[in-house]
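Okay, so here's the structure we're looking at.
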Amino acid sequence: MSAITKKRDWPTVLAAAWLIGLTILAFTADYLPFIRGYAESSPEGIGFSKGPFTSFLLGSDQLGRDVFARCIYGAQISLRIALFSIIIGTVVGGTLGMVAGFFGKASDRAISAFTDVMLAFPPIVIAILVTGRFDALRKNSEAFSWLSRTWSITFVLSILAIAPLARIVRAQTLSISQREFVLAARSLGARNGRVLVREILPNLVPAMVSVIFTGVAVLLIAEGGLAFLGYSIELPTPTWGRLIAENRNFIREAWWGTIMPCVMLFATVLSFNVLGDRIARRFDIREAAL
Amino acid sequence: MSDFLEVTDVFTHFETPRGQVRAVDGVTFTLERGKTLGIVGESGSGKTILSRTIMGLLPTRGTVRGGTIRYKGEEIQGRAPSEMRDIWGKQMAMIFQDPMSSLNPLMKIGMQIAEPLIHNLDMPKDQALATAKRLLDDVRIPESVKRLNQYPHELSGGMRQRVMIAIALACGPNLLLADEPTTALDVTVQAQILDLLREQRQDRNMSMILVTHDLGVVAGHTDEIAVMYGGKIVEKAPTDGLFKNMLMPYTAALLESIPKMNRPSHTRLTTIPGRPPDLVSPPAGCRFAPRCPAAQERCHSEEPPLFSAGSPGHVYACWYPVGSPVYREAIERRAKETV
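So the sequence lines, in the order shown, correspond to chains A and B.
Each number in the working numbering corresponds to the 1-based position in the first sequence with 3 added.
Each number in the working numbering corresponds to the 1-based position in the second sequence with 181 added.
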């Protein structure tokens with residue numbers, strides 16, 4: 004332990020600092036004087052007239068809005084979508100995977116067939132189809148009026164997350180339930196529910212944490228891709244993907260409009276990956292010492 | 182008095198793509214309260230499957246079970262897990278081979294011992310933890326209070342096996358099945374664990390089935406020994422009687438293959454040639470015949486039943502047991518041929 008604490012692991016520290024800082028900025032943006040207001044159009048910045056590090060921190064966009072402020076507001080939406088969809092994906096996919104891996108037989112066949120089908124579909128096609136369906140649903144039915152684009156994108160991404168997560172959890176559950184301590188728990192009279200919750204679930208966590216971190220990164224990119232194709236939140240709400248998409252036509256005159264959100268997305272995805280990787284390695288050491 | 186555990190003609194077969202594997206094939210024995218039975222055999226002789234069959238801890242899919250297992254006069258063979266739950270932990274408990282993998286790595290020692298107490302005996306949590314501490318003292322773990330809050334990876338192998346024993350003892354079982362409890366431990370710790378098991382057995386008046394491949398392990402710690410080969414019991418005798426007078430060539434070969442202290446160094450270890458029989462299609466006659474130094478024609482064609490030897494309780498399955506004229510002659514002839 005001492006060897007690890009003495010030498011600071013800078014990539015991890017930076018990644019964590021970036022994510023924590025970004026989250027705080029994103030969710031307090033409305034109260035921060037240097038962000039609030041800059042997201043609105045301002046005459047002095049119209050037509051990309053201001054570059055980065057002027058009175059506009061990361062330059063201005065076509066309508067005279069500060070790119071930095073837009074990026075931070077974009078982070079709010081992008082992060083929220085990615086986090087919510089990974090949570091839904093983990094809960095649903097994890098449950099399916101545990102059921103399939105633990106009970107096997109018909110449940111395993113059904114769930115594995117489902118995940119195989121899901122994985123065989125091109126994700127972008129599913130996403131476009133489902134967002135279209137959700138839009139129609141909201142317009143035609145009162146009961147679904149809450150289903151804004153934010154939610155429909157969240158659901159689409161969680162559907163995409165379910166299959167890979169279910170697969171990983173199934174495989175892990177299979178291998179953990181063959182371990183001797185599970186048999187030992189059975190031999191002492193533990194029921195299936197107990198075995199699942201007390202013996203298997205905690206042992207799934209280490210693997211899952213790193214998968215979840217990497218998954219968030221993938222979902223951030225996926226959201227960007229959807230936004231790029233035009234399937235994003237209603238205007239004028241920014242997300243990173245939409246910022247990249249809407250400013251890319253002007254990349255020659257004003258690179259900052261596209262590149263800055265790209266950098267944000269890149270740094271965030273990298274941070275999630277670094278953290279996921281470190282967590283995986285950390286738990287590996289513990290497993291190896293077992 | 183022999184109605185504590187009666188195992189009669191028990192078999193366990195597994196359906197596999199290659200055919201039916203007869204892992205346990207017609208095993209009969211009885212065990213009295215407070216006694217220890219050692220089950221000895223090499224890998225693949227069915228000894229582990231036999232102990233799991235008694236516990237009822239077998240996969241359900243593709244398993245064919247038969248025969249009767251009567252525990253305290255009640256038939257337990259073929260019971261559903263829901264019916265076995267009254268027995269698991271409270272009546273029978275099992276100790277597994279590898280203490281490295283038989284504890285949940287993410288649960289504190291204290292909770293692992295307390296859980297069966299809380300759930301099987303409805304003990305309140307604080308009382309269960311106090312009992313857990315007492316159990317750790319019983320199995321001679323120093324600083325038991327500190328251990329309650331430690332995780333398995335903080336303990337050594339021997340300590341972990343002690344914890345396993347404490348967990349198995351927690352609900353006061355009457356029958357303890359120890360499946361190679363010392364195989365994964367080094368030799369000095371082995372002796373300690375076996376002594377501990379004996380001591381706890383005597384204190385609690387438990388019966389024990391000690392499964393091992395090591396005749397040395399069972400020698401000092403059992404009342405009776407059953408030698409298994411190819412899914413069957415081939416010789417069974419009270420411990421003293423067996424070592425004085427082994428009749429089955431396989432038992433003799435097992436004992437021969439233990440390195441001896443009094444031989445000069447670099448003596449070749451005696452091994453049993455060949456491999457254990459294929460349990461999908463076992464040999465027609467005696468299952469040990471293909472590897473037996475004294476096998477005759479009859480051994481290859483006709484399966485020997487269990488004969489009773491002179492001393493009480495000693496049975497063996499061999500047409501020409503060790504010491505019989507045919508056996509002695511065959512061994513002498515073989516010795517001449519090799520010279």
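Every residue gets a Cβ at the ideal spot worked out from N, C-alpha and C, and that includes glycine.
- Does the beta carbon of L66(A) sit closer than 9 Å to a beta carbon anywhere in chain B? Along the first sequence, read from residue 1 onward, the residue named residue 66(A) stands at position 63. No, L66(A) does not count as interfacial toward chain B.
- Item | Beta-carbon proximity check, G77(A) vs S180(A), cutoff 9 Å | In the first sequence, the residue the question calls residue 77(A) occupies position 74. In the first sequence, the residue the question calls residue 180(A) occupies position 177. Contact: no.
- Message: I'd like to know whether the C-beta atoms of L218(B) and L391(B) end up nearer to each other than 9 Å.
- Response: As a first step, residue 218(B) is located in the second sequence; it is residue number 37 there, counting from the start. As a first step, residue 391(B) is located in the second sequence; it is residue number 210 there, counting from the start. It is a contact, given that the beta carbons lie within the stated cut-off.
- Query: What are the partner residues of F105(A), as DSSP defines its beta bridges?
  - Reply: Mapped onto the first sequence, residue 105(A) falls at position 102. F105(A) is not bridged to any residue.
- By a C-beta neighbour count over all protein chains shown, 10 Å radius and 16 as the cutoff for buried, is Y234(A) buried or exposed? As a working note, residue 234(A) is residue 231 in the first sequence. Buried: at least 16 other Cβ atoms inside 10 Å.
- Item | Segment limits, beta strand (DSSP E) that includes S246(B) | Here the question's residue 246(B) lines up with position 65 in the second sequence. For clarity, residue 246(B) is Arg in the given sequence; the question names Ser instead. Element bounds for R246(B): T244 to Y252.
- Nearest-angstrom beta carbon gap, G243(B) and E196(B) [assumed within contact, 8 Å]: What you label residue 196(B) is simply residue 15 of the second sequence in a count that begins at 1. What you label residue 243(B) is simply residue 62 of the second sequence in a count that begins at 1. Going by Cβ atoms, the distance from E196(B) to G243(B) rounds to 4 Å, so yes, they are a contact pair.
- Query: Touching or not, the segment 159-167 of chain A and the segment 188-205 of chain A, by the rule of three or more beta carbon pairs under 8 Å?
  - Reply: In the pairwise beta carbon analysis, the segment 159-167 of chain A is classified as not touching the segment 188-205 of chain A: fewer than three pairs are separated by under 8 Å.
- Measuring CB to CB, does L232(A) end up less than 9 Å from F275(A)? Stepping through the first sequence from its first residue, residue 232(A) is reached at position 229. Stepping through the first sequence from its first residue, residue 275(A) is reached at position 272. Their beta carbons are not under 9 Å apart, which means L232(A) does not touch F275(A) by this criterion.
- Quickly, what does DSSP pair M275(B) with across the bridge? List them, please. What you label residue 275(B) is simply residue 94 of the second sequence in a count that begins at 1. In the DSSP output, where bridge partners are listed per residue, M275(B) has L358(B).
- Message: Buried or exposed, going by whether 16 or more other CB atoms sit within 10 Å of the CB of K425(B)?
- Response: Position 244 of the second sequence, counting from 1, holds the residue named residue 425(B). Counting other Cβ atoms within 10 Å of its Cβ, K425(B) stays below 16 and is therefore classed as exposed.
- Query: Cβ atoms of F137(A) and V159(A): under 9 Å apart, would you say?
  - Reply: Position 156 of the first sequence, counting from 1, holds the residue named residue 159(A). Position 134 of the first sequence, counting from 1, holds the residue named residue 137(A). Contact flag set, yes.
- Message: I'd like to know if S190(A) contacts chain B, where contact means its C-beta is closer than 9 Å to some C-beta of that chain.
- Response: Taking the first residue of the first sequence as 1, we reach residue 190(A) at position 187. With 9 Å as the cut-off, S190(A) counts as an interface residue toward chain B.
- Message: Can you pull the chain A neighbours of M340(B), defined as C-beta to C-beta under 8 Å?
- Response: By 1-based counting over the second sequence, the position of residue 340(B) is 159. Simply none; closest approach about 14 Å.
- Task: With a floor of 4 residues, list each alpha helix (DSSP H) that falls wholly inside the segment 139-223 of chain A, ordered by position along the chain.
- Result: 152-180 and 183-190
- Query: Quick one: is L186(A) near chain B, going by C-beta distance under 9 Å?
  - Reply: Taking the first sequence and counting its residues from 1, the one referred to as residue 186(A) is at position 183. Judged by the 9 Å Cβ criterion, L186(A) is in contact with chain B.
- Message: Contact defined as beta carbons within less than 8 Å: I believe A29(A) pairs with I75(A). What is the distance between those atoms, to the nearest angstrom?
- Response: Within the first sequence, numbered from 1, the residue matching residue 29(A) stands at position 26. Within the first sequence, numbered from 1, the residue matching residue 75(A) stands at position 72. That belief holds up - the Cβ atoms of A29(A) and I75(A) are roughly 6 Å apart, short of 8 Å.
- Query: Can a CB atom of chain B be found closer than 9 Å to the CB of E249(A)?
  - Reply: As a first step, residue 249(A) must be located in the first sequence, where it is residue number 246. Nearest CB-CB separation between E249(A) and chain B: not below the 9 Å threshold.
- Message: Can you confirm whether A516(B), when its beta carbon is compared against all beta carbons of chain A, has any partner nearer than 9 Å?
- Response: As a position in the second sequence, residue 516(B) is number 335, starting the count at 1. Answer no: the Cβ-Cβ gap between A516(B) and chain A never drops below 9 Å.
- Identify each residue in the segment 200-215 of chain A for which the Cβ-Cβ distance to at least one residue of chain B is less than 9 Å, and report them in chain order. So the list reads R201, E202, P205, N206, V208 and P209, given in the order they occur along the chain.
- What are the residues of the segment 109-123 of chain A that lie near chain B, defined by any Cβ-Cβ distance shorter than 8 Å? none
- Can a CB atom of chain B be found closer than 9 Å to the CB of R284(A)? Taking the first sequence and counting its residues from 1, one reaches residue 284(A) at position 281. Answer no: the Cβ-Cβ gap between R284(A) and chain B never drops below 9 Å.
- Flag A292(A) as yes if its beta-carbon sits less than 9 Å from any beta-carbon of chain B, otherwise no. Counting from 1 along the first sequence, the entry for residue 292(A) is found at position 289. Only weak support exists for where A292(A) lies, its pLDDT of 43 falling under 50; the value from the coordinates is given anyway. Yes, its Cβ sits closer than 9 Å to a Cβ of chain B.
- Query: Within the 9 Å Cβ cut-off, does R2(A) reach chain B?
  - Reply: It is not possible to answer for residue 2(A), since the shown part of chain A is limited to 4 through 293.
- Can the beta-carbon of G97(A) be found less than 9 Å from the beta-carbon of M263(A)? Residue mapping note: residue 97(A) aligns to position 94 of the first sequence, counting from 1. Residue mapping note: residue 263(A) aligns to position 260 of the first sequence, counting from 1. No, Cβ-Cβ distance for G97(A) and M263(A) is not below 9 Å.
- Query: With a cut-off of 9 Å, does the C-beta of R194(A) fall near any C-beta of chain B?
  - Reply: Taking the first sequence and counting its residues from 1, one reaches residue 194(A) at position 191. Chain B contact via Cβ: present.
- Kindly indicate which three-state DSSP category I220(B) falls into: helix, strand or coil? The sequence position of residue 220(B) within the second sequence is 39, counting from 1. Strand at I220(B).
- Message: Considering only their Cβ atoms, is the gap separating E483(B) from R468(B) smaller than 9 Å?
- Response: Taking the first residue of the second sequence as 1, we reach residue 468(B) at position 287. Taking the first residue of the second sequence as 1, we reach residue 483(B) at position 302. No, they are not a contact pair.
- Query: Of all the CB atoms in chain B, is at least one closer than 9 Å to the CB of R197(A)?
  - Reply: In the first sequence, counting from the first residue as 1, residue 197(A) sits at position 194. For R197(A), the answer is yes, since a Cβ of chain B falls inside 9 Å of its Cβ.
- Task: Determine whether the Cβ of P297(B) lies closer than 9 Å to any Cβ atom of chain A.
- Result: The sequence position of residue 297(B) within the second sequence is 116, counting from 1. Closer than 9 Å to some Cβ of chain A, the Cβ of P297(B) qualifies, so yes.
- Message: When you compare the segment 425-440 of chain B with the segment 490-502 of chain B, are there three or more beta-carbon pairs, one atom per stretch, that lie closer than 8 Å?
- Response: yes
- Have a look at A85(A) and L25(A) and give me their C-alpha separation to the nearest angstrom. As a working mapping, residue 85(A) is identified with position 82 in the first sequence. As a working mapping, residue 25(A) is identified with position 22 in the first sequence. If I take the Cα positions, the gap works out to 14 Å.
- For chain A, is any of its Cβ atoms less than 9 Å away from the one on A274(B)? To locate residue 274(B), count along the second sequence from 1; it is residue 93. Yes, A274(B) lies at the interface with chain A (some Cβ there is under 9 Å from its Cβ).
- D279(B) touches chain A at which residues, Cβ-Cβ below 8 Å? By 1-based counting over the second sequence, the position of residue 279(B) is 98. For a Cβ distance threshold of 8 Å, residue set E183 of chain A lies close to D279(B), ordered along the chain.
- Task: Mind checking who K413(B) pairs with in its DSSP beta bridge?
- Result: Along the second sequence, one-based indexing puts residue 413(B) at 232. K413(B) pairs with Y410(B).
- Does the beta carbon of W500(B) sit closer than 9 Å to a beta carbon anywhere in chain C? The structure shown contains no chain C; the protein chains it does contain are A and B.
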